[in-house]
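>
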Amino acid sequence: MIQLFVAHDVTTGLVWVFKVLTDPFHNIALYWTSPLKLMRGELIDSAIAAADWGAEDAEEAAHPT
Numbered sequence: 001m002i003q004l005f006v007a008h009d010v011t012t013g014l015v016w017v018f019k020v021l022t023d024p025f026h027n028i029a030l031y032w033t034s035p036l037k038l039m040r041g042e043l044i045d046s047a048i049a050a051a052d053w054g055a056e057d058a059e060e061a062a063h064p065t
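In the numbering used here, the protein residues as written are 1 to 65.
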């Protein structure tokens, strides 16, 4: 991180220090329910499983020849 202070500016270095220090807390806030869901047998997010991806309206992608 000291390299950021030297290579860029003080603001960039401070932003990255703040990000590195707060990322673990953000990850805990996002994923604290994951072990409980795995213990219940939910391997796929229920929101993804219930989503309607519009398969009947989907067009086939062009294949390069």
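C-beta atoms are modelled at their ideal positions from N, C-alpha and C, and glycine is treated no differently.
Can you tell me whether L30 sits near the ligand COA, meaning its C-beta is under 7 Å from at least one heavy atom of the ligand?
Absent from the structure shown: the ligand COA. Ligands present: none.
> From the DSSP output, in three-state form, read off W32 for me.
W32 falls in the coil class under three-state DSSP.
> Quick check: what's the CA-CA separation for R29 versus T22?
Correcting the residue type first, residue 29 is Ala in the shown sequence and not Arg. Distance between the alpha carbons of A29 and T22: 11 Å.
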